[in-house]
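Numbering (the UniProt record's numbering), first residue to last: 1 to 75. Working notes, beginning with the structure itself.
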């Protein structure tokens, strides 16, 4: 798998592949209980950090995090 292919998968997971396949940016953290929300925030943070790392080698720019949400780590 090329770095562009891997980065495409991460980007699709975060922002969705198309109109019918939403990404994790659509996850409503307020609808989760405290434990679920904590795990979701950690997972989203890890995916955004992976997105940034892959952007250094792929043909895609890193995605912006939704303005109202921060998932830990540096943007």
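We put the CB at the ideal spot given by N, CA and C, even for glycine. In this text the structure is predicted, and so the values were computed from the model without any measurement.
How long is the line joining the alpha carbons of residue i and residue j, rounded to whole angstroms?
i	j	result
residue 47	residue 40	10 angstroms
residue 25	residue 63	11 angstroms
residue 15	residue 35	23 angstroms
Residues bridged to residue i by DSSP?
i	result
residue 16	22
On the premise that residue j lies in contact with residue i, defined as a C-beta separation below 8 angstroms, what is that separation, rounded to the nearest angstrom?
i	j	result
residue 54	residue 6	6 angstroms
residue 57	residue 3	5 angstroms
residue 28	residue 60	That belief does not hold up - the Cβ atoms of residue 28 and residue 60 are roughly 26 angstroms apart, past 8 angstroms.
Would you decide whether residue i is buried or exposed? Buried here means 16 or more other CB atoms lie within 10 Å of its CB.
i	result
residue 20	exposed
residue 74	Reliability fails at residue 74, whose pLDDT of 44 lies under 50, so the model's placement of it is uncertain and the value that follows must be treated cautiously. Residue 74 comes out exposed.
residue 51	buried
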